[in-house]
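A.B. asks: Please see the structure below; I have some questions.
Protein chains: 2
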Amino acid sequence: EHIVVSGCALKKDLTRVTLKHVPDQPGVVAQIFSVVGEANIVVDDIIQNTMEDGTANVSFTVEHGDVADLKIVVDKKLKELGGGSAIYDANLAKVSVVGVGMKQSTGVATKMFGALAREKVNIQNISTSEIRISCIIAKADAEKALKAVHAAFDLGKA
Amino acid sequence: EHIVVSGCALKKDLTRVTLKHVPDQPGVVAQIFSVVGEANIVVDDIIQNTMEDGTANVSFTVEHGDVADLKIVVDKKLKELGGGSAIYDANLAKVSVVGVGMKQSTGVATKMFGALAREKVNIQNISTSEIRISCIIAKADAEKALKAVHAAFDLGKA
Ligand SMILES: C[C@@H](O)[C@H](N)C(=O)O
Ligand SMILES: C[C@@H](O)[C@H](N)C(=O)O
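Protein chains in written order, with my numbering: chain A, 1 to 158; chain B, 1001 to 1158.
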């Protein structure tokens, strides 16, 4: 049987920007991330869902740092775009399972979600790829979440 | 200067499930993906945003296949969970930029979004990792989107 999951990781210094109900039209995210980049803000993950009602929700994480600058450029751009509101949240952590071929391996994500659920850790954001499944959770849950995922995948053994 | 982007890819056979307003409580996604897995449905990407109002929006893609089975298990689980509605959409494509170290390289995502914006391609979902930035778009935009991204990153040259 393949060993698919090779490790887990925890990131505690991050700020999440949640943009609710931005206009779901071409050019919107190009403009938003363009001004964020011009302000020299380094973006970590980007997640977008469409609400299929003319609006979309975009979340992105940045390294802790100058949230004041971030707010200025994002709020200004949302005004120009004529829609959407921004919530800034720094009381977070990102717990990840790292491995290879994780999509073909059905059940890896479910196992991670189950481990967090058993510890009553609420999952706020999810982002997946072949090599990483990440969940954003409350900072207070960070250590408990890491332990739970570590145990669920037997990562303690060499 | 680093060559960060090594290629782009297009996936045209996928179905997206958009779950709007699911209860934002521990155990919810563990249950949803558990029943999806039990029905032998292979999940591709999972994206979740929190609405910070007690509900969350979860999108996931599956290989084209038995959407009928998928609907049965998902609709049943949402009823049990007491909240949320599901939209199933197969008229989609996923265009991706593939590379390494793409997060440190500010501007790769913005460049991709800009390329799609100039072609008036609407981005419905976004998911990013260090090795891949993926955008879900309308199937009708697939070829135009791939060409635009290919050109933006000069991928035609050997
Ligand atoms: C919401 C945003 O992604 C928009 N659909 C765009 O293409 O830019
Ligand atoms: C919405 C869903 O992710 C929920 N927050 C959970 O932890 O399962």
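The C-beta atom is built at its ideal place from N, Cα and C for all residues, glycine as well.
Please look up how many angstroms separate the CB atoms of Val-1022 of chain B and Val-1073 of chain B, rounded, as I've assumed it's under 8 Å.
C.D. replies: In the second sequence, counting from the first residue as 1, residue 1022 of chain B sits at position 22. In the second sequence, counting from the first residue as 1, residue 1073 of chain B sits at position 73. Wrong, their Cβ atoms sit about 15 Å apart, outside the cutoff.
A.B. asks: Answer yes or no: does any C-beta atom of chain A fall closer than 8 Å to that of Ala-1109 of chain B?
C.D. replies: Taking the second sequence and counting its residues from 1, one reaches residue 1109 of chain B at position 109. It does; some Cβ of chain A falls within 8 Å.
A.B. asks: Is there at least one non-hydrogen atom of ligand 2 closer than 7 Å to the beta-carbon of Asp-1024 of chain B?
C.D. replies: By one-based count along the second sequence, residue 1024 of chain B stands at place 24. Within the cutoff, so yes.
A.B. asks: Using a 10 Å radius around the Cβ and a threshold of 16 neighbouring Cβ atoms, would you call Val-1149 of chain B buried or exposed?
C.D. replies: For the purposes of this step, residue 1149 of chain B is taken as residue 149 along the second sequence, with counting starting at 1. Buried, because 16 or more other Cβ atoms sit within 10 Å of the Cβ of Val-1149 of chain B.
A.B. asks: Does any heavy atom of ligand 1 sit closer than 7 Å to the C-beta of Asn-1057 of chain B?
C.D. replies: Here residue 1057 of chain B corresponds to residue number 57 of the second sequence, with the count starting at 1. Not under cutoff, so the answer is no.
A.B. asks: Using a C-beta cutoff of 8 Å, does Gly-54 of chain A count as contacting chain B?
C.D. replies: Taking the first residue of the first sequence as position 1, residue 54 of chain A is located at position 54. Cβ-Cβ to chain B under 8 Å: no for Gly-54 of chain A.
A.B. asks: Helix, strand or coil for Ile-47 of chain A per DSSP?
C.D. replies: Residue mapping note: residue 47 of chain A aligns to position 47 of the first sequence, counting from 1. Reduced to three states, the DSSP call for Ile-47 of chain A is strand.
A.B. asks: Is there a Cβ of chain A sitting closer than 8 Å to that of Val-1042 of chain B, yes or no?
C.D. replies: Numbered from its first residue, the second sequence carries residue 1042 of chain B at position 42. Closer than 8 Å: yes.
A.B. asks: Between Phe-1159 of chain B and chain A, is there a C-beta pair that is closer than 8 Å?
C.D. replies: Here chain B covers residues 1001 to 1158 and nothing more, so residue 1159 of chain B does not appear.
A.B. asks: Interface residues of chain E around Asp-45 of chain A at Cβ under 7 Å?
C.D. replies: Absent from the structure: chain E. Protein chains present are A and B.
A.B. asks: Near Asn-1057 of chain B, what residues of its chain come up, given a Cβ to Cβ distance below 6 Å and the 5 sequence neighbours on each side ignored?
C.D. replies: Indexing the second sequence from 1 puts residue 1057 of chain B at position 57. Around Asn-1057 of chain B: Lys-1020 and Asn-1049.
A.B. asks: If you check the beta carbons only, do Lys-139 of chain A and Ala-93 of chain A fall under 8 Å apart?
C.D. replies: The residue given as residue 139 of chain A occupies position 139 in the first sequence. The residue given as residue 93 of chain A occupies position 93 in the first sequence. Yes; because the gap between Cβ atoms is below 8 Å, this pair is in contact.
A.B. asks: Within the present structure, is the beta-carbon of Ala-30 of chain A separated from the nearest heavy atom of ligand 1 by less than 7 Å?
C.D. replies: Taking the first residue of the first sequence as 1, we reach residue 30 of chain A at position 30. Checking every heavy atom of ligand 1 against the Cβ of Ala-30 of chain A, one is found closer than 7 Å.
A.B. asks: Return yes when at least one heavy atom of ligand 1 lies under 7 Å from the C-beta of Ala-1117 of chain B, else no.
C.D. replies: For this step, residue 1117 of chain B is matched to residue 117 along the second sequence. Yes - ligand 1 has a heavy atom lying nearer than 7 Å to the Cβ of Ala-1117 of chain B.
A.B. asks: Suppose the cutoff is 6 Å on Cβ atoms and the five residues either side in sequence are ignored; what does the same chain contact list for Phe-1033 of chain B look like?
C.D. replies: As a working mapping, residue 1033 of chain B is identified with position 33 in the second sequence. Result list for Phe-1033 of chain B: empty, nothing under 6 Å.
A.B. asks: Can you list, in chain order, the residues of its chain whose CB lies under 6 Å from that of Ser-129 of chain A, leaving out five sequence neighbours each side?
C.D. replies: Working through the first sequence from its first residue, we reach residue 129 of chain A at position 129. Closer than 6 Å at Cβ, skipping near neighbours: no residue.
A.B. asks: Going by the C-beta, is Gly-114 of chain A closer than 7 Å to any heavy atom of ligand 2?
C.D. replies: Here residue 114 of chain A is taken as the residue at index 114 of the first sequence, counted from 1. The answer is no for Gly-114 of chain A.
A.B. asks: Indicate the three-state DSSP secondary structure (helix, strand or coil) for Gly-1099 of chain B in the structure shown.
C.D. replies: As a position in the second sequence, residue 1099 of chain B is number 99, starting the count at 1. Strand at Gly-1099 of chain B.
A.B. asks: Are there three or more Cβ pairs, one per stretch, closer than 8 Å when the region 116-130 of chain A is compared with the region 68-87 of chain A?
C.D. replies: Segments in contact, no.
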